[in-house]
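Taking the numbering used here, I'd label the letters of the sequence shown as residues 648 to 873.
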Amino acid sequence: MRNVLGGLLALIGAAATLVSPWQPWYNNRHGSAYKFYEVFGSGVTPSGSGVMDSVFLVFLVMAVLAVAGVLLRSRAMVASAGVVALGFTILWMVRQGQAAGELTITGANNRGLGSGVAYAFAGGLLMIIGSLMMAGRPMRTATAERPAAKTADQSTYGTAATTSPAPAITTTAPVDKNPAARTAPTPASAPAAGPAERTGTERLSKEEREMLGLDEDTSAQPKQQN
């Protein structure tokens with residue numbers, strides 16, 4: 648809403664400055680008859696001028712700048728156009744007063760400043776006020792987008808299913824606080840105990856038993872019992 652109201656005031660001011668050269672500026676002389684560069688040179692002279700080298704050229708450029716500023720919502724462009732238009736009008740008034748020896752408002756016989764100066768002065772003020780009312784361009788906040796890692800798998804219907812990659816699992820080996828004990832060879836296991844040693848006569852071999860006659864005695868016992 649502020650841009651609309653401010654832009655409207657700026658456009659009205661630009662239109663007023665364009666109308667001003669076709670109105671009386673001083674002693675019933677139109678602004679289009681004053682050369683614009685005389686303001687910056689030796690001063691205002693009675694010599695006439697064409698349209699494109701008169702003060703109309705200055706206001707035409709400022710009007711275009713103001714319209715562009717309204718379309719682009721640039722407060723700086725509109726304000727610059729208003730300041731230049733207002734400053735040029737004030738400077739012309741100073742130079743005209745130096746040339747005429749006096750500077751009076753229109754009175755008897757239409758002598759003095761005319762309505763054209765009022766249009767130019769008011770147009771410059773309206774452009775400055777309009778630039779102050781405008782809100783300008785909206786501020787854009789840059790948001791950093793974090794791209795998500797996705798892998799596309801083509802389905803049977805031609806759609807890509809996105810899956811996030813599984814997180815990598817890292818394992819850390821436990822720190823061995825006693826490497827010497829880990830590298831030391833383990834003692835060999837003791838051999839399994841063999842069968843119990845035979846006692847008594849079981850220690851004798853068969854030949855020894857035969858020599859001693861032990862087998863004969865054991866074989867003869869059942870015969871005697873019979």
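Here a beta-carbon is modelled for each residue, glycine too, at the ideal position from N, C-alpha and C.
Keep in mind that this is a model prediction, so the values were computed, not measured.
Nonlocal neighbours in the same chain, by C-beta distance under 8 Å from residue i, ignoring five residues either side
{"i": "Leu656", "result": "Leu773, Met774, Ile776, Gly777 and Met780"}
{"i": "Ser679", "result": "Pro668, Trp669, Ser696, Val698, Ser701, Val702 and Phe703"}
{"i": "Leu707", "result": "Leu665"}
{"i": "Leu677", "result": "A small fix is needed here, since residue 677 is His in this sequence, not Leu. The residues are Pro668, Trp669, Gln670, Pro671 and Gly763."}
Residue environment, residue i, which counts as buried when at least 16 other CB atoms sit within 10 Å
{"i": "Val705", "result": "buried"}
{"i": "Met709", "result": "buried"}
{"i": "Arg722", "result": "buried"}
{"i": "Gly653", "result": "buried"}
{"i": "Met648", "result": "exposed"}
{"i": "Pro693", "result": "exposed"}
7 Å CB neighbourhood of residue i in its chain, flanking five on each side removed
{"i": "Gly761", "result": "Gln670, Pro671, Trp672, Tyr673, Asn675 and Thr753"}
Rounded separation between residue i and residue j - CA only
{"i": "Ala831", "j": "Met858", "result": "Only weak support exists for where Ala831 lies, its pLDDT of 48 falling under 50; the coordinates are left without a value."}
{"i": "Ala732", "j": "Ala767", "result": "7 Å"}
{"i": "Thr751", "j": "Gln743", "result": "10 Å"}
{"i": "Ala715", "j": "Ala769", "result": "20 Å"}
{"i": "Gly783", "j": "Val711", "result": "18 Å"}
{"i": "Ala661", "j": "Arg758", "result": "27 Å"}
{"i": "Arg720", "j": "Leu658", "result": "12 Å"}
{"i": "Pro785", "j": "Val741", "result": "40 Å"}
{"i": "Ala713", "j": "Val725", "result": "5 Å"}
{"i": "Tyr681", "j": "Ala663", "result": "18 Å"}
Where residue i sits in the DSSP three-state scheme
{"i": "Pro668", "result": "helix"}
{"i": "Tyr684", "result": "helix"}
{"i": "Arg676", "result": "strand"}
Residue i - containing alpha helix (DSSP H), residue span
{"i": "Gly763", "result": "Ser762 to Met780"}
{"i": "Thr736", "result": "Arg722 to Ala747"}
{"i": "Met699", "result": "Looking at the DSSP string, Met699 is not in any alpha helix (DSSP H), and its letter there is neither H nor E."}
Spatial neighbours of residue i in its chain, beta-carbon cut-off 6 Å, leaving aside the 5 residues before and after
{"i": "Ala746", "result": "Gly690 and Val691"}
{"i": "Trp739", "result": "Val686"}
{"i": "Gly729", "result": "Gly771, Met774 and Ile775"}
{"i": "Val764", "result": "Trp672"}
{"i": "Phe735", "result": "Val705"}
{"i": "Asn650", "result": "Arg720, Met781 and Ala782"}
Residue i at chain D interface by Cβ criterion, 8 Å
{"i": "Asn650", "result": "Absence of chain D from the displayed structure is noted, only one protein chain being present."}
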